[in-house]
Amino acid sequence: MSSYEQYDHDLFRNVKKSKARKPKSAKRQRFDDEPVRRGRLTEEERDRLAALRDEPEPQPLPGGADRWSTWDTGDRGPQPHPSWLVTELAALDHELGVLKTGKEADVHLLRRAVPGGDSCLLAAKRYRDTDHRMFHRDAGYLEGRRLRKSREMRAIEHRTSFGRGMIAQQWAVAEFSVLSALWQAGAPVPYPVQRVGTEVLLEFIGTPDGTAAPRLAALRPDADELDELWSQLVEALVALAEHGFTHGDLSAYNVLVHDGRLVLIDLPQAVDLAANPLGLDYLRRDAHNIAGWFRSRGADEARTDPDLLAERLATAGNLRW
Numbered sequence: 001m002s003s004y005e006q007y008d009h010d011l012f013r014n015v016k017k018s019k020a021r022k023p024k025s026a027k028r029q030r031f032d033d034e035p036v037r038r039g040r041l042t043e044e045e046r047d048r049l050a051a052l053r054d055e056p057e058p059q060p061l062p063g064g065a066d067r068w069s070t071w072d073t074g075d076r077g078p079q080p081h082p083s084w085l086v087t088e089l090a091a092l093d094h095e096l097g098v099l100k101t102g103k104e105a106d107v108h109l110l111r112r113a114v115p116g117g118d119s120c121l122l123a124a125k126r127y128r129d130t131d132h133r134m135f136h137r138d139a140g141y142l143e144g145r146r147l148r149k150s151r152e153m154r155a156i157e158h159r160t161s162f163g164r165g166m167i168a169q170q171w172a173v174a175e176f177s178v179l180s181a182l183w184q185a186g187a188p189v190p191y192p193v194q195r196v197g198t199e200v201l202l203e204f205i206g207t208p209d210g211t212a213a214p215r216l217a218a219l220r221p222d223a224d225e226l227d228e229l230w231s232q233l234v235e236a237l238v239a240l241a242e243h244g245f246t247h248g249d250l251s252a253y254n255v256l257v258h259d260g261r262l263v264l265i266d267l268p269q270a271v272d273l274a275a276n277p278l279g280l281d282y283l284r285r286d287a288h289n290i291a292g293w294f295r296s297r298g299a300d301e302a303r304t305d306p307d308l309l310a311e312r313l314a315t316a317g318n319l320r321w
């Protein structure tokens, strides 16, 4: 082969190799403030972004309100709804202050009002976020509350971030469910207005000017008042037991007294007497805690015997004593 033929042969071979190689696309330099994009947007995401672009600037709410009524979302309380309750969707919610702070939740005072129309006061119980929640002794209370999804149960048992969020949801759902059942049964509890996520809206127990009813622990009743309050308390606890519950954390701090009427509050940890294997233990503890307070205030010890109270409640709840 001549030198010219060799040159032509090598040139043809190099050209063929270069065509076989897939050229690399040149990378454009990306700056730190540019968003990273991976893959194509879904149709749903495109619609969401388009809606955000078209959404008008938020306008201040009328009258300095904090939000529109949430009546059209979440779970609603049992019917018939009380006549005092404002259910119009045109109503606005006004935050008036904090009624109570606690380890698990804070309770805020809320006024729900139609501009120029009816209004009502509500207690907004809001469970704390997962970073600050301190549900104490929750393992015993959660016995008997089983979820269908094993993933959720595992998350709760291992107290993962997701699991703690599920626990908060369970507390809110449990309290709203128990209050709904007890309200319908005629037990002395606040009317459960609605539940949205981990917020439970309740009937405000107090005066129209926003003064909350005092807790039993803050009162110094005379002998006759003490006797009347004990009678109301026993009747209330029997009503709970007949519907399969005990309070679970009963004390003089979880009982309100308004115009001589006793009202039970703080029921997220209400224990299912049938499903929870520790149900009888919680019932006994409730009886001893509350009877001890009455005795410390001078109530008749024979009438406020904690063991007799626990036995009566166990009988009402169809538990073996």
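When the count follows full-length UniProt numbering, it moves up by one through the sequence shown with no breaks and lands on 321 for the last residue. By construction, the Cβ of each residue, glycine as well, lies at the ideal position given by its N, Cα and C atoms.
With a 10 Å radius around its C-beta and 16 neighbouring C-beta atoms as the bar for buried, classify residue i as buried or exposed.
{"i": "residue 318", "result": "exposed"}
{"i": "residue 69", "result": "buried"}
{"i": "residue 269", "result": "buried"}
{"i": "residue 35", "result": "Bear in mind that a pLDDT of 48 at residue 35, under 50, signals an unreliable position, so the number given afterwards is only what the model happens to contain. Residue 35 is exposed by the Cβ-count criterion."}
{"i": "residue 246", "result": "buried"}
{"i": "residue 51", "result": "exposed"}
{"i": "residue 78", "result": "exposed"}
{"i": "residue 80", "result": "exposed"}
{"i": "residue 171", "result": "buried"}
{"i": "residue 320", "result": "exposed"}
{"i": "residue 248", "result": "buried"}
Distance check for residue j and residue i, CA to CA, integer angstroms please.
{"i": "residue 251", "j": "residue 262", "result": "13 Å"}
{"i": "residue 196", "j": "residue 60", "result": "23 Å"}
{"i": "residue 192", "j": "residue 203", "result": "6 Å"}
{"i": "residue 304", "j": "residue 72", "result": "46 Å"}
{"i": "residue 224", "j": "residue 238", "result": "22 Å"}
{"i": "residue 255", "j": "residue 53", "result": "51 Å"}
{"i": "residue 189", "j": "residue 87", "result": "20 Å"}
{"i": "residue 311", "j": "residue 186", "result": "22 Å"}
{"i": "residue 236", "j": "residue 264", "result": "8 Å"}
{"i": "residue 226", "j": "residue 294", "result": "7 Å"}
Go through its chain and collect everything with a Cβ distance to residue i's Cβ below 8 Å, but skip five positions before and after it.
{"i": "residue 98", "result": "106, 107, 108 and 109"}
{"i": "residue 115", "result": "62, 63, 90 and 92"}
{"i": "residue 289", "result": "250 and 251"}
In the structure shown, what three-state DSSP assignment does residue i receive?
{"i": "residue 84", "result": "coil"}
{"i": "residue 246", "result": "strand"}
{"i": "residue 104", "result": "coil"}
{"i": "residue 68", "result": "strand"}
{"i": "residue 15", "result": "With a pLDDT of 49 at residue 15, under the threshold of 50, the modelled position of that residue is not reliable, and the figure given next carries that caveat. In the structure shown, residue 15 sits in a helix (DSSP, three-state: H, G or I)."}
{"i": "residue 111", "result": "strand"}
Might you give, ordered along the chain, the residues of its own chain that have their beta carbon closer than 6 Å to the beta carbon of residue i, omitting 5 neighbours on each side?
{"i": "residue 309", "result": "287 and 291"}
{"i": "residue 184", "result": "78"}
{"i": "residue 258", "result": "205 and 213"}
{"i": "residue 316", "result": "238, 241 and 242"}
Only counting the same chain, and skipping five residues up and downstream in sequence, which positions put a Cβ closer than 7 Å to that of residue i?
{"i": "residue 176", "result": "75, 192, 195 and 200"}
{"i": "residue 65", "result": "92, 93 and 94"}
Stretch pair the region 104-119 + the region 218-226: three plus CB contacts closer than 8 Å: Counting C-beta pairs closer than 8 Å gives fewer than three between the region 104-119 and the region 218-226, which falls short of the contact rule.
Contact between the region 279-293 and the region 193-212 (3+ Cβ pairs under 8 Å): The region 279-293 vs the region 193-212: no contact.
Cβ contact check for the region 298-310 and the region 228-243: 3 or more pairs under 8 Å: Counting Cβ pairs under 8 Å, three or more are found: they touch.
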